[in-house]
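Notes to accompany the following structure.
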Amino acid sequence: MTSFARVLELPDRLALLDRLPRGGVVAEIGVQQGDFAAEILRRSQPRLLVLIDGWRHRPDGPYLLDKSNVPQAEHDRSYARVCERFREELRDGRLVILRGLSGRALTMLPDGWLDWVYLDADHSYEAVRKDLAWCSRKVKVDGLIAGHDYVEAPNQGFGVVEAVTEFCRTAGWHLVARTRKDRVCDGYDSYVIRRTPLDPRTL
Numbered sequence: 072m073t074s075f076a077r078v079l080e081l082p083d084r085l086a087l088l089d090r091l092p093r094g095g096v097v098a099e100i101g102v103q104q105g106d107f108a109a110e111i112l113r114r115s116q117p118r119l120l121v122l123i124d125g126w127r128h129r130p131d132g133p134y135l136l137d138k139s140n141v142p143q144a145e146h147d148r149s150y151a152r153v154c155e156r157f158r159e160e161l162r163d164g165r166l167v168i169l170r171g172l173s174g175r176a177l178t179m180l181p182d183g184w185l186d187w188v189y190l191d192a193d194h195s196y197e198a199v200r201k202d203l204a205w206c207s208r209k210v211k212v213d214g215l216i217a218g219h220d221y222v223e224a225p226n227q228g229f230g231v232v233e234a235v236t237e238f239c240r241t242a243g244w245h246l247v248a249r250t251r252k253d254r255v256c257d258g259y260d261s262y263v264i265r266r267t268p269l270d271p272r273t274l
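Each residue of the sequence shown is one higher than the one before, counting from 72 in the numbering used here.
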């Protein structure tokens, strides 16, 4: 049975980021203009950061309601800005950009390779459920899966809380940390899960 005891609560996702392992191989799924990717580079100093995003407009489905589902021209501009923003890291081999939907992009990564991943892509229940399943294969045995928008927001098509809860229940993972009313993200919280229970103070 999955235990949700001893969950570390943090004020915002920057504080959460400061508790995640440094110097590892990290992926962010859902990049937009790269603001959080810049924080990952600055605070976590990963050996390699893999950025995954489709930068693609979705004309239908649950993602249609998501405020990040902007017109295609805006997605293309965001992609160009990210490439320019991280040109030095790209040149030095400290950062890789994979433009494509998460399921396909993740197949390009070795299993058991990532130290942790941060999910902030399609927030619908089905999409998050699939992303969690894929990411669980790509992180190390002691790896972490973190993610954003851990809130009840059905009017926006969000199903993150339900998907994370269901995944932990069926796959035997454990919620070990979360933010509460994130002060830097307008209350849109984040979570961290892993395969085995962990004293959150060691995060």
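We treat Cβ as the ideally placed atom computed from N, Cα and C, and that holds for glycine. The model shown is predicted, which means the values in this text are computed figures rather than measured ones.
Counting only residues of its own chain and dropping the five nearest sequence neighbours on each side, residue 168 has a CB closer than 6 Å to the CB of 122. In this structure, the straight-line span from the alpha carbon of residue 247 to that of residue 235 is close to 12 Å. Setting aside the 5 residues that flank it on each side, residue 259 is surrounded in the same chain by 219, 220, 222, 253, each with a C-beta closer than 7 Å to its C-beta; the list follows chain order. For the set 244, 237, 127, 144, the Cα lying nearest the Cα of residue 265 is the one of 244.
Put simply, the backbone Cα of residue 162 is about 29 Å away from that of residue 207. In the structure shown, residue 80 falls within a strand segment according to DSSP collapsed to helix, strand and coil.
DSSP places residue 118 outside both helix and strand once states are collapsed to three, so it counts as coil. The beta carbon of residue 263 is closer than 6 Å to those of 215, 217, 247, 248 in its chain, skipping five residues each way along the sequence. In the three-state DSSP reduction, residue 110 falls in the helix class (H, G or I).
Take residue 142, set aside five residues on each side of it, and the residues of its chain with a beta-carbon closer than 8 Å to its own are 128, in chain order. With a contact defined as Cβ atoms closer than 8 Å, residue 89 and residue 114 qualify at about 6 Å. Each residue's CA atom was taken as its position, placing residue 80 and residue 261 some 10 Å apart.
For residue 149, the enclosing alpha helix (DSSP H) begins and ends at 143-156. Per DSSP, residue 208 is not a residue of any beta strand (DSSP E); the alpha helix (DSSP H) it occupies stretches across 196-209. Comparing C-alpha distances from residue 172 to each of 154, 199, 230, 85 shows the shortest one belongs to 199. The beta carbons of residue 233 and residue 196 sit about 5 Å from each other, so the pair counts as a contact at 8 Å. In the assembly as shown, residue 241 is an exposed residue. Its beta-carbon has fewer than 16 other beta-carbons within 10 Å. Nearest to residue 202 by C-alpha distance, out of 101, 77, 149, is 101.
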